[in-house]
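Sequence lines, in order, name chains A and B.
To convert, take the position in the first sequence, counting from 1, and add 301; that gives my numbering.
To convert, take the position in the second sequence, counting from 1, and add 301; that gives my numbering.
For each residue, glycine too, the CB sits at the ideal point set by N, CA and C.
Fair warning: this is a prediction, and the values are worked out from it, not measured in the lab.
Working notes, beginning with the structure itself.
Number of protein chains: 2
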Amino acid sequence: MKFYTSTNEIPEEMLKGIDLTYPQLTYLPETGILYDNTYNEKTVPIISGGGSGHEPAHVGYVGSGMLAAAVTGPLFIPPKSKNILKAIRQVNSGKGVFVIIKNFEADLKEFNEAIKEARNEGIDVRYIVSHDDISVNAYNFHKRHRGVAGTILLHKILGAFAKEGGSIDEIEQLALSLSPEIYTLGVALAPVHFPHQKTSFVLAEDEVSFGIGIHGEPGYRVEKFEDSERIAVELVNKLKAEINWQKKKSK
Amino acid sequence: MKFYTSTNEIPEEMLKGIDLTYPQLTYLPETGILYDNTYNEKTVPIISGGGSGHEPAHVGYVGSGMLAAAVTGPLFIPPKSKNILKAIRQVNSGKGVFVIIKNFEADLKEFNEAIKEARNEGIDVRYIVSHDDISVNAYNFHKRHRGVAGTILLHKILGAFAKEGGSIDEIEQLALSLSPEIYTLGVALAPVHFPHQKTSFVLAEDEVSFGIGIHGEPGYRVEKFEDSERIAVELVNKLKAEINWQKKKSK
Chain A
302 MKFYTSTNEI PEEMLKGIDL TYPQLTYLPE TGILYDNTYN EKTVPIISGG GSGHEPAHVG
362 YVGSGMLAAA VTGPLFIPPK SKNILKAIRQ VNSGKGVFVI IKNFEADLKE FNEAIKEARN
422 EGIDVRYIVS HDDISVNAYN FHKRHRGVAG TILLHKILGA FAKEGGSIDE IEQLALSLSP
482 EIYTLGVALA PVHFPHQKTS FVLAEDEVSF GIGIHGEPGY RVEKFEDSER IAVELVNKLK
542 AEINWQKKKS K
Chain B
302 MKFYTSTNEI PEEMLKGIDL TYPQLTYLPE TGILYDNTYN EKTVPIISGG GSGHEPAHVG
362 YVGSGMLAAA VTGPLFIPPK SKNILKAIRQ VNSGKGVFVI IKNFEADLKE FNEAIKEARN
422 EGIDVRYIVS HDDISVNAYN FHKRHRGVAG TILLHKILGA FAKEGGSIDE IEQLALSLSP
482 EIYTLGVALA PVHFPHQKTS FVLAEDEVSF GIGIHGEPGY RVEKFEDSER IAVELVNKLK
542 AEINWQKKKS K
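The following block contains the structure:
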């Protein structure tokens with residue numbers, strides 16, 4: 302929470318630190334691109350990315366059977382399309398490149414621009430947008446469908462599938478069938494602490510907030526913390542409702 | 302920090318949860334013993350343990366190439382000798398059992414009792430006491446030599462060595478040469494939060510404490526947090542002094 306050298310340099314220093322720590326990971330300075338230098342070029346590379354501040358996503362999932370590269374922006378700000386394009390070029394070996402994008406407007410804008418450019422260069426880029434969040438807006442009860450924790454399941458499942466030899470077509474098909482079946486709901490024990498800024502919402506030591514977002518977006522309900530079981534019940538009930546639990550069970 | 306069902310049940314619930322989550326790990330209820338049910342009986346099992354509240358130590362290091370079993374007591378209280386003895390029996394397959402003990406009086410008492418009993422039963426038990434901590438007592442500058450974070454290096458190095466076929470004699474020799482060469486120094490950004498109790502020391506949001514212990518023991522110096530580099534300099538300088546850095550370098 303307070304363990305850094307200077308606020309502006311957090312993401313760049315973190316990425317350089319990861320490069321130093323792990324021989325198999327290489328960081329391209331000033332680009333936000335971290336890639337697996339042992340990546341098997343016979344398989345289809347999967348990449349993902351987004352703002353930093355969500356660690357271990359996405360850099361923590363670069364490795365064998367997961368992402369071939371991650372591209373990271375400043376704190377809570379998506380990477381620029383030019384860096385996403387660089388990442389696509391970096392991992393491309395002619396078998397196509399698969400991109401996992403979290404469903405946020407700013408992310409979609411940058412990733413779509415990069416994908417368009419890469420396709421213009423003749424790279425076969427496919428993508429999936431993760432939108433696993435079933436939290437609702439507290440004012441109008443609209444579902445938010447943000448791409449949040451479930452994105453990591455896509456990294457792992459698609460990454461393992463690619464490692465086993467899945468083609469770009471097969472990976473795209475699997476992604477399209479998987480993504481709508483992933484549902485998550487977040488709960489916060491504390492608000493997000495952004496260095497030198499006030500938190501985006503206030504939560505007492507004995508309170509929890511359901512349905513919060515990964516950038517400190519407030520949830521749909523604040524409650525006194527009773528016990529972890531109460532929280533599990535709320536989360537599981539909401540997830541069950543979403544997937545029509547009873548109906549599926551009786552099949 | 303506050304995510305639990307009831308304070309008394311935290312360790313037991315945690316261990317049952319780990320059993321549910323990982324097919325290869327089995328928890329023996331009411332004993333604090335978690336073991337690797339895929340453990341290769343042709344190799345020498347290594348076990349460790351201590352109070353709970355230090356997770357991921359020790360239960361997080363049960364697995365292939367690490368510990369065959371961990372035995373856990375209540376929060377910050379070492380396991381009873383009878384449960385340590387049960388753990389030794391559980392993993393014993395006739396090749397000897399190696400035990401890693403953290404250097405705390407209460408831990409040594411329970412582990413030594415269990416080892417004595419196990420030897421009476423004819424089990425060839427060897428052990429090492431980890432004492433990596435180079436923090437000093439702020440009042441008399443005596444070294445504390447507690448067994449802390451460096452214990453994990455013993456789990457990993459000895460575990461990997463055992464997996465490769467090291468005998469109980471060889472493991473003991475390696476442990477005896479390794480343990481005195483491991484030095485660590487802790488720094489805290491926050492005090493330990495014990496459920497429903499006051500913290501053992503107070504640390505402001507912008508302060509850090511050097512040389513703290515793993516049970517909330519105060520460190521030897523509190524400083525305003527400047528940046529992470531300042532902390533790294535303090536830690537590295539102290540470690541260098543301990544190992545007589547210059548002299549070794551010039552060899």
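Notebook entry, point to check: If you count every other CB in all the chains shown that lies within 10 Å of the CB of glutamate 411 (chain B), and 16 or more means buried, which is it?
Noted result: buried
Margin query: Rounding to the nearest angstrom, what Cα-Cα distance links lysine 539 (chain B) and isoleucine 472 (chain B) in this structure?
Written below: 29 Å
Notebook entry, point to check: If you follow the alpha helix (DSSP H) that threonine 311 (chain A) is part of, which residue opens it and which one closes it?
Noted result: Checking the sequence shown, residue 311 (chain A) turns out to be isoleucine, not threonine. Here the alpha helix (DSSP H) through isoleucine 311 (chain A) covers 311-322.
Notebook entry, point to check: From isoleucine 334 (chain B) to serine 501 (chain B), what distance separates their C-alpha atoms?
Noted result: 29 Å
Check: Among A:Gly514, A:His355, A:Gly512 and A:Ser468, which one has its Cα closest to the Cα of lysine 343 (chain A)?
Finding: A:Ser468
Next item on the list: Just the C-alpha distance for serine 349 (chain A) and glutamine 474 (chain B), rounded to the nearest angstrom, thanks.
Entry: 46 Å
Notebook entry, point to check: Which residues of chain A have a Cβ atom closer than 7 Å to the Cβ of serine 307 (chain B), listed in chain order?
Noted result: Asp528
Next item on the list: Rounded to whole angstroms, what's the CA-CA distance from serine 353 (chain A) to methionine 315 (chain A)? Just pull it up for me.
Entry: 10 Å
Notebook entry, point to check: Among residues of its own chain, excluding the 5 on either side of serine 307 (chain A), which ones have a beta-carbon nearer than 6 Å to its beta-carbon?
Noted result: none
Note to self: Using only the alpha-carbon positions, how far apart do isoleucine 402 (chain B) and lysine 396 (chain B) sit?
What the structure shows: 20 Å
Note to self: Quick check: the Cα distance between serine 394 (chain A) and alanine 463 (chain A), rounded to an integer number of angstroms?
What the structure shows: 14 Å
Next item on the list: Measure the C-alpha to C-alpha separation of alanine 450 (chain B) and aspartate 434 (chain B) and round it to an integer number of angstroms.
Entry: 8 Å
Notebook entry, point to check: What are the uninterrupted segments assigned as alpha helix (DSSP H) that are 4 or more residues long and contained completely in the segment 457-529 of chain A, given in chain order?
Noted result: 469-479
Check: For alanine 370 (chain B), which residues does DSSP report across the bridge?
Finding: B:Tyr336 and B:Ile348
Next item on the list: For serine 436 (chain A), collect the residues of the same chain with a Cβ closer than 7 Å to its Cβ; drop the 5 residues on either side in sequence, then sort them by chain order.
Entry: Arg445, Leu486, Gly487, Gly512, Gly520 and Tyr521
Note to self: I'd like the span of the beta strand (DSSP E) that includes lysine 403 (chain B), first residue to last.
What the structure shows: 398-403
Next item on the list: Work out the CA separation of threonine 452 (chain B) and tyrosine 428 (chain B) for me, nearest whole Å.
Entry: 13 Å
Check: Mind checking whether glycine 460 (chain B) and tyrosine 323 (chain B) have CB atoms under 9 Å apart?
Finding: no
Next item on the list: With DSSP collapsed to three states, give me the class of serine 283 (chain B).
Entry: Since the first residue shown for chain B is 302 and the last is 552, residue 283 (chain B) is missing from the structure and cannot be characterised.
Checklist line | Residues near methionine 367 (chain B) by beta carbon distance below 7 Å, same chain, minus five either side | finding: His456, Lys457 and Gly460
Next item on the list: Mind reading off the beta-carbon distance from isoleucine 385 (chain A) to alanine 415 (chain A)? Whole number of angstroms is fine, and I expect it under 8 Å.
Entry: 4 Å
Checklist line | Proximity test, Cβ basis, 9 Å: isoleucine 532 (chain B) and chain A | finding: yes
Checklist line | Burial state of arginine 447 (chain A) (16 or more Cβ within 10 Å) | finding: buried
Notebook entry, point to check: Which residues mark the beginning and the end of the alpha helix (DSSP H) in which aspartate 425 (chain B) is found?
Noted result: Looking at the DSSP string, aspartate 425 (chain B) is not in any alpha helix (DSSP H), and its letter there is neither H nor E.
Checklist line | For leucine 477 (chain B) and proline 379 (chain A), the rounded distance between their alpha carbons | finding: 50 Å
Check: For the beta strand (DSSP E) that contains threonine 327 (chain B), what are its first and last residues?
Finding: 326-329
Checklist line | 9 Å Cβ cutoff met for alanine 533 (chain A) and valine 509 (chain A) | finding: no
Margin query: Within a Cβ cutoff of 6 Å, which residues of the same chain sit near leucine 376 (chain A), ignoring the five residues on either side of it in sequence?
Written below: Ser353 and Gly354
Notebook entry, point to check: Sorted by chain position, which residues of the same chain lie with C-beta nearer than 8 Å to isoleucine 389 (chain A)'s C-beta, five sequence neighbours on each side aside?
Noted result: Ile348, Val398, Val400, Ala415, Ile416, Ala419, Ile424 and Val426
Check: Where does serine 307 (chain B) sit, in a helix, a strand or coil, going by DSSP?
Finding: coil
Next item on the list: Rank A:Val523, A:Glu356 and A:Ser365 by C-alpha distance to the C-alpha of proline 299 (chain A) and give the top, closest one.
Entry: Because chain A here runs from 302 to 552, residue 299 (chain A) falls outside it and cannot be looked at.
Check: How many angstroms separate the CA atom of histidine 516 (chain A) from the CA atom of valine 493 (chain A)?
Finding: 7 Å
Item checked: Range of the contiguous alpha helix (DSSP H) that encloses isoleucine 389 (chain A) -> 382-392
Note to self: Within a Cβ cutoff of 7 Å, which residues of the same chain sit near leucine 479 (chain A), ignoring the five residues on either side of it in sequence?
What the structure shows: Leu455 and Ile458
Check: Does the distance from the CB of valine 561 (chain B) to the CB of leucine 536 (chain B) come in under 9 Å?
Finding: Only positions 302 to 552 of chain B appear in the structure, and residue 561 (chain B) is not among them; the question remains open.
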